[in-house]
Amino acid sequence: MNDAVNPLEQVNLLGLDLEGLAAYCEQLGEKRFRATQLFRWIHQKGASGFDQMTDLAKSLRTKLEGKALIAALPVISEHVSADGTIKWLFDVGNGDAVEAVYIPESDRATLCISSQAGCAVGCRFCSTGHQGFSRNLATWEIIAQLWYAEHSLRQRQGTTDRIISNIVMMGMGEPLQNYTALVPALKMMLDDHGYGLSRRRVTVSTSGVVPMIDRLREDCPVALAVSLHAPNDPLRDQLVPLNKKYPIAELLESCDRYLEKAPRDFITFEYCMLQEVNDTPELAHELVKLLKNRINCKLNLIPFNPFPASGLKRSTNERVKAFAQILVDAGIVTTVRKTRGDDIDAACGQLAGEVQDRTRAHIRMVRAPVVVKGASPQRT
Numbered sequence: 014m015n016d017a018v019n020p021l022e023q024v025n026l027l028g029l030d031l032e033g034l035a036a037y038c039e040q041l042g043e044k045r046f047r048a049t050q051l052f053r054w055i056h057q058k059g060a061s062g063f064d065q066m067t068d069l070a071k072s073l074r075t076k077l078e079g080k081a082l083i084a085a086l087p088v089i090s091e092h093v094s095a096d097g098t099i100k101w102l103f104d105v106g107n108g109d110a111v112e113a114v115y116i117p118e119s120d121r122a123t124l125c126i127s128s129q130a131g132c133a134v135g136c137r138f139c140s141t142g143h144q145g146f147s148r149n150l151a152t153w154e155i156i157a158q159l160w161y162a163e164h165s166l167r168q169r170q171g172t173t174d175r176i177i178s179n180i181v182m183m184g185m186g187e188p189l190q191n192y193t194a195l196v197p198a199l200k201m202m203l204d205d206h207g208y209g210l211s212r213r214r215v216t217v218s219t220s221g222v223v224p225m226i227d228r229l230r231e232d233c234p235v236a237l238a239v240s241l242h243a244p245n246d247p248l249r250d251q252l253v254p255l256n257k258k259y260p261i262a263e264l265l266e267s268c269d270r271y272l273e274k275a276p277r278d279f280i281t282f283e284y285c286m287l288q289e290v291n292d293t294p295e296l297a298h299e300l301v302k303l304l305k306n307r308i309n310c311k312l313n314l315i316p317f318n319p320f321p322a323s324g325l326k327r328s329t330n331e332r333v334k335a336f337a338q339i340l341v342d343a344g345i346v347t348t349v350r351k352t353r354g355d356d357i358d359a360a361c362g363q364l365a366g367e368v369q370d371r372t373r374a375h376i377r378m379v380r381a382p383v384v385v386k387g388a389s390p391q392r393t
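All residue numbers for the sequence shown refer to my numbering, where the first residue is 14 and numbers rise by one.
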C-alpha cells in the first residue's frame, strides 16, 4: 500500500506511510522506531534533507544519503486570489500538471488536493473532465501537495503551528479510481506522527464508484462527499456518465453501508446548480422524495463555474434560493457553497484551465524551483 521501492533507484520517502517507512528502515538494518523519527521530521517538521534530522544517528543519515530523498513536486505557478485563496500548479512530468488549492477561513484552513492528472469520468459540468485523463498520481505526488502547502505556508507566516486543518480530495481526478495510491496518503494525513488530522476533517469526494466506496469503508473510513447533481437516472446519466454503471439506487445503498463506519453520521451530497438543467422546483421535490427518510445526509448546492466547452450556465441566485428553500422546508440540511478563488480559476469545477492553456513543451520550459527551504525538485 505504498509507492514501490526499487533498490536501484532513490526512494522518495514522501511516498511511504509509517508502516512502509518502518519496513524500509528494516531493509537498511535499522530498528523500526527510526521510522517514527524519520516520519516526524518529514511530515511534522517539513525537513527536506537528512542533515536537518539532528537526533538521527550519523550512521543512519549516511545510509540514507544516496539511497533515499525527500522530493517535492516542482511548482510551475502560484496564484493568490483577492479572498486569500491560493492555487498552485505542480509539474508531475511528461507535460502533465495538477493543481491544489488552499482556502483559508476564520475557523479552518482547507487544502483541496488532486489525485489524478486529468479525469476519466467526464462529468459534463467539470473543466477537468473535459481535459481528459492522463494518469494516476503516485502516493508521494498526492501527499507532496499537502507537504508543500503546509510547510511553505508555515514559512511565509512565520510559525511552526499547523496551518491546514481540513483536507478535501476534490481536486483533479476521481480519487476512488486511484485507490491504491489514495489510501496510504490518507493514512499519512491521519497519522499522529504525520499531519494528525481527524477523520472528520479529511473528505474524499467521489462521483460514485460503488465498489470502492465499500472498500474505503473497510480500509480507511473518512468523511465522504458524493457528487449527485440529479435526482433521477436519466438526468444523471447525462451529467455524470459513471451513473450508467452505478445508478442512483446502487449508489445510495453503498452510502447507507458506508455510514455504518463513517466518522460523521451523514453523507454530503454535492449538487452543481445548472440553469434550466437540474435546478427546477420539480426536480427539487424529486430530490426530497429520493433522499428524505432514506439516508442521513446534507445537501451542498454548488454554483456552477462556467467554461466555454460546457455549453452550460450558472443558475441564478433566485433559482438557487428557491431550490434550497424546498429542501430546507422538507427538513433536509442544505447549504449553498460560497464560491472562493474564482478570480484565479480555483473554484469548484475550474481546475485544469491553466493546465489546458499550457502546451507540454511550455510546461517543461517554465518549471519553477520549489520554495520550501532546502527541498529538492527531483522526482523518482
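For every residue, glycine included, the Cβ atom is placed at its ideal position computed from N, Cα and C.
Rounded to the nearest angstrom, how far is the Cβ of residue i from that of residue j, given a contact under 8 Å?
i, j, result
"Ala337", "Leu314", "6 Å"
"Asn25", "Ala84", "5 Å"
"Pro254", "Leu303", "Contact flag wrong, Cβ pair sits at about 20 Å."
"Leu159", "Ile126", "6 Å"
"Asn309", "Asp342", "Actually they are not in contact, since the Cβ atoms of Asn309 and Asp342 sit about 18 Å apart, beyond 8 Å."
"Phe52", "His206", "5 Å"
Are the beta-carbon atoms of residue i and residue j separated by less than 8 Å?
i, j, result
"Met286", "Arg327", "yes"
"Val222", "Glu273", "no"
"Asn179", "Thr219", "no"
"Tyr208", "Ala162", "no"
"Leu73", "Gln23", "no"
"Val235", "Leu189", "no"
"Leu237", "Tyr192", "no"
"Pro316", "Val333", "yes"
"Arg148", "Ala130", "yes"
"Leu312", "Val290", "no"
"Val196", "Asp227", "no"
"Leu252", "Phe146", "no"
"Lys100", "Glu118", "no"
"Glu77", "Ser90", "Reading off the sequence shown, one finds Leu at residue 77, where the question assumed Glu. No, these two residues do not count as a Cβ contact at 8 Å."
"Val105", "Leu150", "yes"
"Ile261", "Ala297", "no"
"Ile156", "Met225", "no"
"Ile280", "Val239", "yes"
"Gln57", "Leu69", "no"
"Leu265", "Arg307", "yes"
"Asp246", "Asn256", "yes"
Exposed or buried, residue i, counting other C-beta atoms within 10 Å across all chains shown (16 or more means buried)?
i, result
"Ser128", "buried"
"Val217", "buried"
"Gln40", "exposed"
"Ser140", "buried"
"Asn15", "buried"
"Pro382", "Any reading at Pro382 must be qualified, since the residue scores a pLDDT of 33, below 50, and its modelled position is unreliable; the value itself is stated next. So Pro382 counts as exposed."
"Gly33", "buried"
"Glu154", "buried"
"Thr172", "exposed"
"Ala275", "buried"
"Gln170", "exposed"
"Thr372", "The predicted model places Thr372 with a pLDDT of 32, which falls under 50 and marks its position as unreliable; any figure quoted below should be read in that light. Burial call: exposed."
"Phe63", "buried"
"Thr348", "exposed"
"Gly59", "buried"
"Glu283", "buried"
"Asp30", "buried"
"Leu27", "buried"
"Arg213", "exposed"
"Ala48", "buried"
"Glu43", "buried"
"Asn107", "exposed"
"Ile177", "buried"
"Arg380", "Residue placement at Arg380 cannot be trusted, given a pLDDT of 35 that sits under 50; what the coordinates show is reported in the next sentence. Its Cβ having fewer than 16 others within 10 Å, Arg380 is exposed."
"Ala95", "exposed"
I'd like the span of the alpha helix (DSSP H) that includes residue i, first residue to last.
i, result
"Asn330", "330-342"
"Met202", "192-203"
"Leu229", "223-232"
For the beta strand (DSSP E) holding residue i, just list the boundary residues, first then last.
i, result
"Ser165", "Ser165 -> not in any beta strand (DSSP E); alpha helix (DSSP H) instead, spanning 152-170."
"Gly131", "129-131"
"Arg148", "146-149"
"Glu91", "88-93"
"Ala275", "Run containing Ala275: none; DSSP gives neither H nor E here."
"Asn15", "Per DSSP, Asn15 belongs to no beta strand (DSSP E) and is neither H nor E."
"Ile180", "179-182"
"Ser240", "236-240"
"Thr348", "346-349"
"Ser218", "215-219"
| task | Could I get the ranges of all uninterrupted alpha helix (DSSP H) runs contained in the stretch 244-270, with 4 residues as the minimum, in chain order? | result | 246-252
| said: Give the list of continuous beta strand (DSSP E) stretches no shorter than 3 residues that lie fully inside the stretch 35-78. | reply: none
| Taking the runs of the alpha helix (DSSP H) that are 4 residues or longer, which of them lie wholly in the stretch 284-326? | Whole alpha helix (DSSP H) segments, 4+ residues: 294-304.
| field | Ranges of the beta strand (DSSP E) found wholly within the stretch 97-124, counting only runs of at least 3 | value | 99-106, 109-117
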